[in-house]
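Have a look at the structure below, then the notes.
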Amino acid sequence: MPRDMQAEAMAAASDEVVLARYAAGDPVAARVLTQRLVPRVLGYAARLLGDGAEAEDVAQEAMLRLWRAAPGWRAGEAQVSTWLYRVVTNLCTDRLRARKRRPAAALDEAPEVPDGAKGAEAGMMEADRMGALQAALDALPERQRQAVVLRHIEGLGNPEIAAVMDIGVEAVESLTARAKRALTAILSGRREELGYDDGE
Amino acid sequence: MTTGNDGMRRKDGQVEAGLDDLFTAARSARSAPSEALMARVLADALAEQPRMAMQAPGPRLRGPGLWARLVWALGGTGALAGMGTAAVAGLFLGLVQPVGLAGLDEAVLGAPLETVELIPGIDGLLEGN
Numbered sequence: 058m059p060r061d062m063q064a065e066a067m068a069a070a071s072d073e074v075v076l077a078r079y080a081a082g083d084p085v086a087a088r089v090l091t092q093r094l095v096p097r098v099l100g101y102a103a104r105l106l107g108d109g110a111e112a113e114d115v116a117q118e119a120m121l122r123l124w125r126a127a128p129g130w131r132a133g134e135a136q137v138s139t140w141l142y143r144v145v146t147n148l149c150t151d152r153l154r155a156r157k158r159r160p161a162a163a164l165d166e167a168p169e170v171p172d173g174a175k176g177a178e179a180g181m182m183e184a185d186r187m188g189a190l191q192a193a194l195d196a197l198p199e200r201q202r203q204a205v206v207l208r209h210i211e212g213l214g215n216p217e218i219a220a221v222m223d224i225g226v227e228a229v230e231s232l233t234a235r236a237k238r239a240l241t242a243i244l245s246g247r248r249e250e251l252g253y254d255d256g257e
Numbered sequence: 017m018t019t020g021n022d023g024m025r026r027k028d029g030q031v032e033a034g035l036d037d038l039f040t041a042a043r044s045a046r047s048a049p050s051e052a053l054m055a056r057v058l059a060d061a062l063a064e065q066p067r068m069a070m071q072a073p074g075p076r077l078r079g080p081g082l083w084a085r086l087v088w089a090l091g092g093t094g095a096l097a098g099m100g101t102a103a104v105a106g107l108f109l110g111l112v113q114p115v116g117l118a119g120l121d122e123a124v125l126g127a128p129l130e131t132v133e134l135i136p137g138i139d140g141l142l143e144g145n
């Protein structure tokens, strides 16, 4: 089958089928999986870490683990995306713990999350609103942040989040509800940055 | 006092409603991975790809059928048409002897050809005894 036709057929196939093609030595499958999965993996890692460069390292490492797991992948055992989200979650947890262990001086050198330019006039740029959201996410406890990002930004269902985080569905619901309450409380203090009407 | 609490609740409600808008914006604001990252990941993929399994059967993605592969093996549709024509011509010549061939044996051999001895008999060898 010509290569472009093969890529077209593969683009419509599930992650599991394309991964099996990769394990069988098909180079087109490597390209299709890279284009399909890296944006999701990178976006999730960036939300958990709040740092683009570190998120790139995590994305590359997670994908490397997928390539190595491919030959022994058993169809039907786990979804590729669920497995990847779990790997990214664990890699980010390791990095966040390593950050906490660093000396205080090193923490000062860490890149600052944009604080949304306090006092800026109403109707501020979208980048600042995203900065305010990221700062609020960074202030959440780790498990709450994972749950709320998977649910409301990555768009996963609660059962899949439960599989990623290795907890029950009820625990997921509790974590996301608490996370939303905490985010509301944090962002209430940054109403001006978010462009909300402050009048009584 | 009650007015102050109401105002606070109204503000929280506004932020809560805005939170869903922020999530929606965050979903669409996801930046594309850099070309350098994509190249690094693809290089890892190709470096780690199992080479011994190149011939291993993976799941089929609608390849050519048996007839298409047979036609390809015989040299394509043109060659197949030529083979068919030759077969029909051979059959025709076998069933209908052309008139011109009737006198050919006499012209070449000097006598009508009725039998041909492909294996000589042993009578000639026994005559001397």
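Chains as they are written, first to last, in the numbering used here: chain Y, 58 to 257; chain U, 17 to 145.
Each residue gets a CB set at the ideal place from its N, CA and C atoms; glycine is no exception.
Fair warning: this is a prediction, and the values are worked out from it, not measured in the lab.
Beta carbon proximity, residue i to chain Y, threshold 8 Å
i: residue 32 of chain U; result: yes
i: residue 70 of chain U; result: Interpretation of residue 70 of chain U is limited by its pLDDT of 48, a score under 50 that renders its predicted location unreliable; the figure taken from the coordinates is listed afterwards. By this cut-off, residue 70 of chain U is an interface position.
i: residue 42 of chain U; result: yes
i: residue 35 of chain U; result: yes
i: residue 62 of chain U; result: yes
Helix, strand or coil at residue i according to DSSP, with G and I counted as helix
i: residue 247 of chain Y; result: coil
i: residue 159 of chain Y; result: coil
i: residue 135 of chain Y; result: coil
i: residue 71 of chain U; result: For residue 71 of chain U, the predicted structure reports a pLDDT of 48, less than 50, and the residue's modelled location is therefore unreliable. A value from the coordinates is still provided. Three-state result, residue 71 of chain U: helix.
i: residue 210 of chain Y; result: helix
i: residue 124 of chain Y; result: helix
i: residue 165 of chain Y; result: Only weak support exists for where residue 165 of chain Y lies, its pLDDT of 46 falling under 50; the coordinates are left without a value.
i: residue 259 of chain Y; result: Here chain Y has residues from 58 to 257 only, and residue 259 of chain Y is not among them.
i: residue 216 of chain Y; result: helix
i: residue 175 of chain Y; result: The predicted model places residue 175 of chain Y with a pLDDT of 44, which falls under 50 and marks its position as unreliable, so this point remains unresolved.
i: residue 180 of chain Y; result: Bear in mind that the predicted position of residue 180 of chain Y carries a pLDDT of just 44, short of 50, making it unreliable; the figure below should be weighed with that in mind. Of the three classes helix, strand and coil, the one that applies to residue 180 of chain Y here is coil, per DSSP.
i: residue 82 of chain Y; result: coil
i: residue 45 of chain U; result: coil
i: residue 117 of chain Y; result: helix
i: residue 197 of chain Y; result: coil
i: residue 60 of chain U; result: helix
i: residue 231 of chain Y; result: helix
Partner residues on chain Y for residue i, Cβ-Cβ distance less than 7 Å
i: residue 39 of chain U; result: 209, 210
i: residue 10 of chain U; result: One cannot answer for residue 10 of chain U here, as it falls past the ends of chain U, which runs 17 to 145.
i: residue 107 of chain U; result: By Cβ distance, chain Y contributes nothing, its closest Cβ being about 38 Å from residue 107 of chain U, past 7 Å.
Proximity winner among the options, relative to residue i (alpha-carbon distances)
i: residue 202 of chain Y; options: Y:185, Y:214, Y:240, Y:212; result: Y:240
i: residue 154 of chain Y; options: Y:194, Y:198, Y:127; result: Y:198
i: residue 290 of chain Y; options: U:59, U:57, U:47; result: Since the first residue of chain Y shown is 58 and the last is 257, residue 290 of chain Y is not available in this structure.
i: residue 128 of chain Y; options: Y:68, Y:227, Y:193, Y:80; result: Y:80
i: residue 244 of chain Y; options: Y:228, Y:107, Y:98, Y:186; result: Y:186
i: residue 246 of chain Y; options: Y:193, Y:141, Y:122, Y:200; result: Y:193
i: residue 236 of chain Y; options: Y:87, Y:195, Y:223; result: Y:195
i: residue 77 of chain Y; options: Y:97, Y:123, Y:146; result: Y:123
i: residue 117 of chain Y; options: Y:101, Y:68, Y:130, Y:226; result: Y:101
i: residue 134 of chain Y; options: Y:224, Y:234, Y:220; result: Y:220
i: residue 211 of chain Y; options: Y:89, Y:87, Y:99; result: Y:99
Contact with chain U by residue i, beta-carbon distance below 8 Å
i: residue 68 of chain Y; result: no
i: residue 80 of chain Y; result: yes
i: residue 157 of chain Y; result: no
i: residue 233 of chain Y; result: no
i: residue 99 of chain Y; result: yes
i: residue 148 of chain Y; result: no
i: residue 130 of chain Y; result: no
i: residue 171 of chain Y; result: Here residue 171 of chain Y scores only 45 on pLDDT, less than 50, and its place in the model is too uncertain to base an answer on.
i: residue 140 of chain Y; result: no
i: residue 164 of chain Y; result: With a pLDDT of only 42 at residue 164 of chain Y, under 50, the local geometry of the prediction cannot be trusted, and the value read off the model is given with reservation. Output row for residue 164 of chain Y: interface = no.
i: residue 216 of chain Y; result: no
i: residue 284 of chain Y; result: Outside the shown range of chain Y (58 to 257) lies residue 284 of chain Y, about which nothing can therefore be said.
i: residue 198 of chain Y; result: no
i: residue 202 of chain Y; result: no
Contact list for residue i against chain Y, beta-carbon separation under 8 Å
i: residue 51 of chain U; result: None at all; the shortest Cβ gap to chain Y is about 11 Å.
i: residue 45 of chain U; result: 183, 187
8 Å Cβ cut-off: residues of chain U touching residue i
i: residue 113 of chain Y; result: 49, 50, 53
i: residue 240 of chain Y; result: 35
Per-residue contacts from residue i into chain U (C-beta, under 7 Å)
i: residue 192 of chain Y; result: Those within 7 Å of residue 192 of chain Y in chain U number zero; the least Cβ separation is about 12 Å.
i: residue 87 of chain Y; result: 58, 61, 62, 65
Proximal chain U residues relative to residue i, where beta-carbon distance stays under 9 Å
i: residue 125 of chain Y; result: 64
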